[in-house]
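Asker:
2 protein chains.
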Amino acid sequence: MEHDAVAASLAELGNSHRLAVFRFLVKAGHQGASVGDIQKALGIPASTLSHHLARMAKVGLILQEKRSRTIICIPEYQHLESLISFLREECCAGISAR
Amino acid sequence: MEHDAVAASLAELGNSHRLAVFRFLVKAGHQGASVGDIQKALGIPASTLSHHLARMAKVGLILQEKRSRTIICIPEYQHLESLISFLREECCAGISAR
DNA sequence: CAATTAATTCGAAATTTCTAGAATTATAGT
DNA sequence: ACTATAATTCTAGAAATTTCGAATTAATTG
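Sequence lines, in order, name chains A and B.
Just so we're aligned, residue 1088 is where the first sequence starts under the working numbering, counting upward by one.
Just so we're aligned, residue 1088 is where the second sequence starts under the working numbering, counting upward by one.
1) Count the other CB atoms within 10 Å of the CB of serine 1096 of chain B; is the residue buried (16 or more) or exposed (fewer)?
2) Return the CA-CA distance between leucine 1129 of chain B and leucine 1112 of chain B, expressed in angstroms with no decimal places.
3) Among B:Cys1178, B:Phe1109 and B:Asp1091, whose alpha-carbon lies nearest the alpha-carbon of methionine 1143 of chain B?
4) Do glycine 1119 of chain A and cysteine 1160 of chain A count as a contact pair if the criterion is CB distance below 8 Å?
5) Among A:Ala1133, A:Pro1162, A:Pro1132 and A:Leu1174, which one has its Cα closest to the Cα of serine 1146 of chain A?
6) Going by the beta-carbon positions, is the gap between serine 1121 of chain B and isoleucine 1149 of chain B smaller than 8 Å?
7) Using a beta-carbon distance cut-off of less than 8 Å, what residues from the region 1164-1178 of chain A approach chain B?
8) From alanine 1115 of chain B to glutamine 1165 of chain B, what does the alpha carbon distance come to, in whole angstroms?
9) So within the region 1142-1170 of chain B, which uninterrupted beta strand (DSSP E) runs reach at least 3 residues, ignoring any that extend past its ends?
10) Got a sec, what are the start and stop residues for the alpha helix (DSSP H) glycine 1123 of chain A sits in?
11) Could you round the C-beta distance between alanine 1094 of chain B and leucine 1106 of chain A to whole angstroms and report it? I think they count as a contact, below 8 Å.
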């Protein structure tokens, strides 16, 4: 994962609503949650939520699967893992020399 | 570390320039680097850089120590560690059930 | 004390983000 | 076909971010 992709993903997680969405999806687990479920749980207006979800999907933080009328959102664990790895490798070089 | 503080910190790292600054400071190590050094290394105009550094300091990503005329910037490793811990604990709950 | 150096603050424009109601699309049920 | 449901797209205003030259502050040097 390269610099700008990392920055873009961190920026997406760096919004209170989107971080809440991601945390909710992680709690929901691998089967994910529908947009409507997220909306009810977090109380974000539909159009606002849709906008945030689109952004998260764009950078690869979540996956969206259409099941007839409802759309299921699934967190991309590997993507977050990549982010964490980057932060560890590139940003914690001096942590051992505490 | 609570939700909004995490979001704020991630948002700061979620800017290409600021992420570059942080990475540079980590490479610089515990003795840090002066604002001027960062400026020369990354080629960011002084006023722009100053603005970014102020933001990073505000959320606790870096520390700024004044040494006469020059200001030394030091990365806050513990802060990043806290961020990573949060992401692991709150956002990777399902990673084992891969 | 004038000049230089290091960095910040000011100010202002350009861009992006955030928000959310209204309209729209797509699918399912009656 | 009509209605209800799930979600998106459109639109537009408000707010925040980003950028950087110019002016300023603070400390050092000649």
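C-beta: ideal position from N, C-alpha, C; glycine also.
Because the structure is a prediction, the values reported are computed rather than measured.
Answerer: In terms of the structure at hand:
1) buried
2) 11 Å
3) B:Phe1109
4) yes
5) Note on identity: in this sequence residue 1146 of chain A is valine, with serine being the wrong assignment. Closest in C-alpha terms to valine 1146 of chain A, from the list A:Ala1133, A:Pro1162, A:Pro1132 and A:Leu1174, comes A:Pro1162.
6) no
7) The region 1164-1178 of chain A vs chain B, Cβ under 8 Å: Tyr1164, Leu1167, Glu1168, Leu1170, Ile1171, Leu1174, Arg1175, Glu1177 and Cys1178.
8) 16 Å
9) 1149-1154 and 1157-1162
10) 1122-1129
11) 5 Å
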